[in-house]
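K.L.:
This structure is in structure tokens; I'll ask about it shortly.
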Amino acid sequence: MDDVINEFIAEAREGIEAVDAKLVRFEQTPDDPDLLGDIFRLIHSLKGGSGFLGLMRLQSVTHAAENVLGLYRDGTLAVDAASVTVILDAVDVVRAVIEGLAETGVEPEGDDRALIGRLDRIYAGDSAPAATASAASRSLLERVGGDATLDAACEGALALLVTVPVTGPLFAGIDLDRVQAEWREALCGVARATAAPGAFQRALAETFGEALAGHEAAFVQAVRQNLIDLEGEAEAVDTLLAAPPAEREAEPARADRSEPAKGPQTIRVGVDTLEGLMTMVSELVLIRNQLIQTLRAQPETPFAGPLHRLNQVTSELQEGVMTTRMQPISGAWAKLPRLVRDLASDLGKRIDLVMTGEDTELDRQVMELIRDPLTHMIRNAADHGLETPEQRRAAGKPETGRITLLARHEGGAILIEMADDGRGLPAARIRDKAVEAGLISPAQAAAMSDAEARQMIFLPGFSTAASVTAVSGRGVGMDVVRTNIEAIGGAIELASVEGQGTRFSIRIPLTLSIIAGLVVECCGERFAMPQASIIELVSANGAAGRRIEQINGAEVLRLRDRLLPLVSLQALLGLEAPEGPRGEACIVVARVGAFTFGVIVDRVFDTEEIVVKPVATILRHLKLYSGATILGDGAVIMILDFKGMAVEAGAGALLNGGDDMAAETAVSDDRTESLLVFRAADGGLKAAPLAGVARIEELEPAALEWADGRSLLQYRGQLMPVLNADGAPLTSAPPTKRPLLVFSRGERSLGLMAEEIVDIVEAAATAELAGSSTGVSGSVVVAGRATELIDVDFYWRRCDGVAEPRLDAPPVETQSVGAFVRASKRLLVVDESPFTRMLLGPLLAQAGYEVEVAGDAEAALAMHDAGVAFDLILADTSHAGPAARRLASAFGRASAWHATPLLGLGTRRMAGGDPADDGLLADVAEALSDTPSSHDDQEAA
Amino acid sequence: MTPATTEPSLEGLVAVRVGDQMIGVPLLRVQDVIAPVRIDRVPLAPFEVAGSLNLRGRIITAVDMRRRLGLAPREIGQPHMSVIVERGGELYALQVEDVGDVLWLDRAAREPLPVTLAPEWRALCDGLHRHDDASLLILNIEQTFTLSAPAAGA
Numbered sequence: 001m002d003d004v005i006n007e008f009i010a011e012a013r014e015g016i017e018a019v020d021a022k023l024v025r026f027e028q029t030p031d032d033p034d035l036l037g038d039i040f041r042l043i044h045s046l047k048g049g050s051g052f053l054g055l056m057r058l059q060s061v062t063h064a065a066e067n068v069l070g071l072y073r074d075g076t077l078a079v080d081a082a083s084v085t086v087i088l089d090a091v092d093v094v095r096a097v098i099e100g101l102a103e104t105g106v107e108p109e110g111d112d113r114a115l116i117g118r119l120d121r122i123y124a125g126d127s128a129p130a131a132t133a134s135a136a137s138r139s140l141l142e143r144v145g146g147d148a149t150l151d152a153a154c155e156g157a158l159a160l161l162v163t164v165p166v167t168g169p170l171f172a173g174i175d176l177d178r179v180q181a182e183w184r185e186a187l188c189g190v191a192r193a194t195a196a197p198g199a200f201q202r203a204l205a206e207t208f209g210e211a212l213a214g215h216e217a218a219f220v221q222a223v224r225q226n227l228i229d230l231e232g233e234a235e236a237v238d239t240l241l242a243a244p245p246a247e248r249e250a251e252p253a254r255a256d257r258s259e260p261a262k263g264p265q266t267i268r269v270g271v272d273t274l275e276g277l278m279t280m281v282s283e284l285v286l287i288r289n290q291l292i293q294t295l296r297a298q299p300e301t302p303f304a305g306p307l308h309r310l311n312q313v314t315s316e317l318q319e320g321v322m323t324t325r326m327q328p329i330s331g332a333w334a335k336l337p338r339l340v341r342d343l344a345s346d347l348g349k350r351i352d353l354v355m356t357g358e359d360t361e362l363d364r365q366v367m368e369l370i371r372d373p374l375t376h377m378i379r380n381a382a383d384h385g386l387e388t389p390e391q392r393r394a395a396g397k398p399e400t401g402r403i404t405l406l407a408r409h410e411g412g413a414i415l416i417e418m419a420d421d422g423r424g425l426p427a428a429r430i431r432d433k434a435v436e437a438g439l440i441s442p443a444q445a446a447a448m449s450d451a452e453a454r455q456m457i458f459l460p461g462f463s464t465a466a467s468v469t470a471v472s473g474r475g476v477g478m479d480v481v482r483t484n485i486e487a488i489g490g491a492i493e494l495a496s497v498e499g500q501g502t503r504f505s506i507r508i509p510l511t512l513s514i515i516a517g518l519v520v521e522c523c524g525e526r527f528a529m530p531q532a533s534i535i536e537l538v539s540a541n542g543a544a545g546r547r548i549e550q551i552n553g554a555e556v557l558r559l560r561d562r563l564l565p566l567v568s569l570q571a572l573l574g575l576e577a578p579e580g581p582r583g584e585a586c587i588v589v590a591r592v593g594a595f596t597f598g599v600i601v602d603r604v605f606d607t608e609e610i611v612v613k614p615v616a617t618i619l620r621h622l623k624l625y626s627g628a629t630i631l632g633d634g635a636v637i638m639i640l641d642f643k644g645m646a647v648e649a650g651a652g653a654l655l656n657g658g659d660d661m662a663a664e665t666a667v668s669d670d671r672t673e674s675l676l677v678f679r680a681a682d683g684g685l686k687a688a689p690l691a692g693v694a695r696i697e698e699l700e701p702a703a704l705e706w707a708d709g710r711s712l713l714q715y716r717g718q719l720m721p722v723l724n725a726d727g728a729p730l731t732s733a734p735p736t737k738r739p740l741l742v743f744s745r746g747e748r749s750l751g752l753m754a755e756e757i758v759d760i761v762e763a764a765a766t767a768e769l770a771g772s773s774t775g776v777s778g779s780v781v782v783a784g785r786a787t788e789l790i791d792v793d794f795y796w797r798r799c800d801g802v803a804e805p806r807l808d809a810p811p812v813e814t815q816s817v818g819a820f821v822r823a824s825k826r827l828l829v830v831d832e833s834p835f836t837r838m839l840l841g842p843l844l845a846q847a848g849y850e851v852e853v854a855g856d857a858e859a860a861l862a863m864h865d866a867g868v869a870f871d872l873i874l875a876d877t878s879h880a881g882p883a884a885r886r887l888a889s890a891f892g893r894a895s896a897w898h899a900t901p902l903l904g905l906g907t908r909r910m911a912g913g914d915p916a917d918d919g920l921l922a923d924v925a926e927a928l929s930d931t932p933s934s935h936d937d938q939e940a941a
Numbered sequence: 001m002t003p004a005t006t007e008p009s010l011e012g013l014v015a016v017r018v019g020d021q022m023i024g025v026p027l028l029r030v031q032d033v034i035a036p037v038r039i040d041r042v043p044l045a046p047f048e049v050a051g052s053l054n055l056r057g058r059i060i061t062a063v064d065m066r067r068r069l070g071l072a073p074r075e076i077g078q079p080h081m082s083v084i085v086e087r088g089g090e091l092y093a094l095q096v097e098d099v100g101d102v103l104w105l106d107r108a109a110r111e112p113l114p115v116t117l118a119p120e121w122r123a124l125c126d127g128l129h130r131h132d133d134a135s136l137l138i139l140n141i142e143q144t145f146t147l148s149a150p151a152a153g154a
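For the protein sequence lines, the chains are A and B, in the order given.
For the first sequence, counting from 1, position 60 maps to 60 in the UniProt record's numbering; every step adds exactly one.
For the second sequence, counting from 1, position 117 maps to 117 in the UniProt record's numbering; every step adds exactly one.
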């Protein structure tokens, strides 16, 4: 019995999903008989099933709904919005009952009298005038006892026929419910005169085909007997079951088309079965691969032929099993037409939903996961995106708004586009909202382009709706949509033109169980990386100026004028470097959210289609892995998770917020550097070069300790000094958790407490020099607002001076010594990279030099022409290409500087505070000592 | 057919040897016994995890019982066997020195663990049997896979 109910529930759910969409379509095209036939059939079979299972609530509702649908079908009731709404309400009740049934096994309690009353009123009210029009047919229907009687008769007849030895075998492999529905259809059709006489016999022929021969009479008789038992008039019953006129044999295509038996033959298979099949096929593929490898070694074997065939068959089998997991995306879309219709009537708008590419197939698992985001986006489009008819008219647009949904395959991924032709995203209002919600500062808002501002709708807690409606506007939304889509390896993009509409493009992988993976090697071990997150592969062999550089111990790569933070797979995984020389490092550039970083690996192999297997439970705490896979040679390798790597590498805070803007501005200006903007305890905004920040931790107030005037924190087995942004130790623990910027130098760490992390921005770093004793190394304009750029060295000195006045702090010594030796030497730093200028300027200033910086050769030349003289010029001569040529020619013209020594700034000098600074400072000192009096000479000259 | 069905008081144990100790792995959890196969290391994995292996297309995580029991690591080239056990729908391989017979022992004859047994062993075992003048520790599969967290947090 349970099985029967379960089967019924499964079928009902499937049917209901389809009926929503069909009813909405039917409302628009009421003259489509096929559509109506489908709807009618569904409601009808629900009614039949519920009657059979004794589900009284379901039966009464479907019965009343069917009556109204019957009127549509007979053409006696015009299809209008009001009655379709009532039918949809009935469908809702059916859905609720089915869900309740699925949960508890019994029909949930409920009072449907009002709904049934509405349905009955429509049925009674409109059927009366029509009754005369089709008096004959109506009377036939009445005379045989009505729809319900016909259904019951079919059921009774079937029950009998199945058990009778003569006809029983005919039903082998035939879906009884479907047969019952077909018979009932046929009989009702004849009774209503909407089908030609003999429809029942045709239905029989279609169901049983050749096997029917000689048994037709038995079927007819069984139904007849049942009808008469149910008190149908014998004469009417005979009319109903009369054989078709001979020439009508090949009756209208219409009837045929609407017969479900013509539809695709499907069977229901458990997902577990498919998964099991899939596993076995994977296994088979591996065995095949091994055999093929063996075959390569022994080409002469007699197995060659069969093996090739096995190879082929296996591939086809694999493909076939894959497709069993694929479903058309219409499954995820089925509810949308109904949703849009309801939204339209709730919101008083007119909305057309145009869907194309419903047949596009994707993995059912993926489909489940995009269903909710899609629904949410449609809601948004209907509520916020589209205007009311009046507004649309005023704007010169058609009153009916349009939401288009499109799906198509695009290179191993599926692309879903959802567009509306509404008002578009108002950038100005988004800015205001964001400022109001405290997501950005007014200055940042002003500095943003419209496109950047629109991206903020993906921020948590954002809603542009002026009022919170029942439909949407509660501010949980697009961020969740984006998170969900990214969670399955997808990406979402947004384009909007104010007044014309908004378009979202979602790209998601076809399946989660087979992905394109890049196989890499590090220290002799292989790993797979999901190709979807990989942007490019870069070799860092020093050619084209690409070389791994060190900034304060952090590895970076200068790639197209941007600094790319690097993580070493070897360090991340704690691998041991093999003996002997290693090949050139290869860098896999990947993007997680808006954070782009490079992973250093030893070697890159091919991209392969890999089958993703879950990580074993006892290894699941390792966030660096998202799965495991088996390679063609049988080896088991781990699939690396870029997000886990980014978090592990210390970019965790970056990934959780504010990254949108960084990404956007990064696109708009390539010549910028990453800055971490934070708010100090005194409320002022400060920025730190992101590359210098080793980690961002959360400071637990209770964990703070004080010893001899210092505030300290146990951090990785060491006591780490914690300072305020003004360089002083904390005087008391903060009331709540605070972000802590951790800087590290060699083995030591330094914590800088911030009030909050405001943002990570890519700012055009217009560094200016400022006093060196205040902890400020310059100021930067971040989003139109002057922000102090902190001087990390200052904090080191503070904590060294206060905390550890010991010998293990060489930078302090050299700098303090340098400070009095090189009192008034003037240096010029020429470098195209703002980053270098920002770093070197303050460094040299700290060492006691007067420093001027020039962004390019022209600026330097301008200084020359203005008669400024220097003791030493530091220029970046490592760049080959136009910049270096310009520099050379500029210096050629700068005749007054020809005697001034020039110190080349190789990239190796790019160090922010390491003992490596010694090298640079020593070089500077040495270069200056060679020309002890050049400064004075030139001044005099 | 098997004694387990006819004699509920008997428990089936697959006798394995780890170091010099005989250990009984509950028979009902054992899926397979395999000869050494290629094992791929999993970086950052807990110390006891020897790596992953591929058994007919399924990925199996191997736990080195010597390490799990705190014994000195197996010498390279030393023969070993793997007992495949099921746990929570996943398969794991227990690497042991040797696999012996299936023993049917009277559940009632189980003896408590000696109190002097090292705590890491006590946690892993449910009791012991005396068999052929040797003690056979009864392995608790669940506890076997409750591993220490990796040493470094970073």
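For glycine and all other residues, C-beta sits at the position ideal for the given N, C-alpha and C.
At a cut-off of 7 Å, is glutamate 417/A close to the ligand ATP when judged by its beta-carbon and the heavy atoms of the ligand?
P.N.:
The ligand ATP is not part of this structure, which contains no ligands at all.
K.L.:
Thinking C-alpha only, which one of Ala93/B, Leu55/B, Pro73/B is nearest alanine 62/B?
P.N.:
Here the closest residue by C-alpha is Ala93/B.
K.L.:
Whose C-alpha, out of Leu374/A, Ala516/A, Gln531/A, is nearest the C-alpha of glycine 477/A?
P.N.:
If we check each option's Cα against that of glycine 477/A, Leu374/A comes out closest.
K.L.:
Verify the CB distance criterion: does valine 42/B have a CB-CB separation below 8 Å to chain A?
P.N.:
For valine 42/B, the answer is yes, since a Cβ of chain A falls inside 8 Å of its Cβ.
K.L.:
What distance in whole Å lies between the Cβ atoms of leucine 512/A and glutamine 365/A, which are believed to be in contact at a cut-off of 8 Å?
P.N.:
Yes, glutamine 365/A and leucine 512/A are in contact; Cβ-Cβ is about 6 Å, under 8 Å.
K.L.:
Rounding to the nearest angstrom, what Cα-Cα distance links valine 18/B and histidine 80/B in this structure?
P.N.:
Approximately 9 Å, taken between the alpha carbons.
K.L.:
How is glycine 209/A classed by DSSP in three states: helix, strand or coil?
P.N.:
The answer is helix: DSSP assigns glycine 209/A an H, G or I state.
K.L.:
Per DSSP, which one or two residues make a beta bridge with tryptophan 796/A?
P.N.:
Tryptophan 796/A pairs with nothing; no bridge assigned.
K.L.:
I need the straight-line Cα distance from valine 480/A to alanine 694/A, nearest angstrom please.
P.N.:
Each residue's alpha carbon lies about 29 Å from the other.
K.L.:
Which value, in whole angstroms, describes the spacing of the CA atoms of glutamate 216/A and leucine 55/B?
P.N.:
For glutamate 216/A and leucine 55/B, the distance between alpha carbons rounds to 57 Å.
K.L.:
Nearest CA to the CA of arginine 558/A: which residue from Gly574/A, Ile610/A, Val538/A?
P.N.:
For the residues Gly574/A, Ile610/A, Val538/A, the minimum Cα distance to arginine 558/A belongs to Val538/A.
K.L.:
Can you tell me which of the three DSSP states methionine 322/A falls into?
P.N.:
Correct three-state label for methionine 322/A: helix.
K.L.:
Leaving out the 5 sequence neighbours to the left and right, which residues in its chain are closer than 6 Å to methionine 418/A when beta-carbon positions are compared?
P.N.:
Closer than 6 Å at Cβ, skipping near neighbours: Met377, Leu405, Phe504.
K.L.:
Between glycine 401/A and isoleucine 351/A, which are expected to be in contact by the criterion C-beta below 8 Å, what is the C-beta distance as a whole number of angstroms?
P.N.:
Going by Cβ atoms, the distance from glycine 401/A to isoleucine 351/A rounds to 5 Å, so yes, they are a contact pair.
K.L.:
What does the alpha-carbon distance come out to for the pair lysine 825/A and valine 853/A?
P.N.:
Their backbone Cα atoms lie some 14 Å apart in a straight line.
K.L.:
What do you get for phenylalanine 597/A, buried or exposed, if any count of 16 or more other CB atoms within 10 angstroms of its CB means buried?
P.N.:
So phenylalanine 597/A counts as buried.
K.L.:
Against chain D, does threonine 617/A count as a neighbour if the rule is that its beta carbon must be under 8 Å from one of theirs?
P.N.:
Protein chains A and B are contained in the structure displayed, whereas chain D is not.
K.L.:
Taking only runs that begin and end inside the region 353-431 of chain A, name each unbroken beta strand (DSSP E) of 3 or more residues, in chain order.
P.N.:
The qualifying runs are 361-363, 401-410, 413-420.
K.L.:
Considering just the uninterrupted stretch of the alpha helix (DSSP H) at lysine 613/A, what are its terminal residues?
P.N.:
Where lysine 613/A is concerned, there is no enclosing alpha helix (DSSP H), given that its DSSP letter is neither H nor E.
K.L.:
With 8 Å as the threshold, decide whether the Cβ of glycine 634/A is near any Cβ in chain B.
P.N.:
Chain B contact via Cβ: present.
K.L.:
With C-beta atoms as the reference, is glycine 145/A less than 8 Å away from glycine 51/A?
P.N.:
No.
K.L.:
Using a Cβ cut-off of 7 Å, pull out every chain B residue sitting near alanine 694/A, in sequence order please.
P.N.:
Near alanine 694/A there are no residues of chain B at all, since even the closest Cβ is about 11 Å away, more than 7 Å.
K.L.:
Helix or strand or just coil, what does DSSP make of methionine 638/A?
P.N.:
Correct three-state label for methionine 638/A: strand.
K.L.:
Within its chain, find whatever has a CB closer than 7 Å to the CB of valine 285/A; leave out the 5 residues flanking it on each side and keep chain order.
P.N.:
Excluding sequence neighbours, valine 285/A sits near Thr314, Gln318.
K.L.:
Which of helix, strand or coil does DSSP assign to methionine 448/A?
P.N.:
Coil, per DSSP.
K.L.:
Could you have a look at valine 223/A and say whether DSSP puts it in helix, strand or coil?
P.N.:
Helix.
K.L.:
What's the C-alpha gap between valine 604/A and phenylalanine 527/A?
P.N.:
In a straight line, the C-alpha of valine 604/A is about 10 Å away from that of phenylalanine 527/A.
K.L.:
Could you please tell me which residues of the region 694-709 of chain A, in chain order, have their CB closer than 7 Å to any CB of chain B?
P.N.:
The region 694-709 of chain A vs chain B, Cβ under 7 Å: nothing.
K.L.:
Given this structure, state the Cα-to-Cα distance separating glutamine 21/B from valine 42/B, to the nearest angstrom.
P.N.:
Distance between the alpha carbons of glutamine 21/B and valine 42/B is about 27 Å.
K.L.:
Closest Cβ-Cβ distance between proline 59/B and chain A: below 8 Å?
P.N.:
Residue 59/B is actually isoleucine in this sequence, not proline. It does; some Cβ of chain A falls within 8 Å.
K.L.:
Between the region 156-173 of chain A and chain B, which residues of the former have a C-beta closer than 9 Å to a C-beta of the latter?
P.N.:
The region 156-173 of chain A vs chain B, Cβ under 9 Å: nothing.
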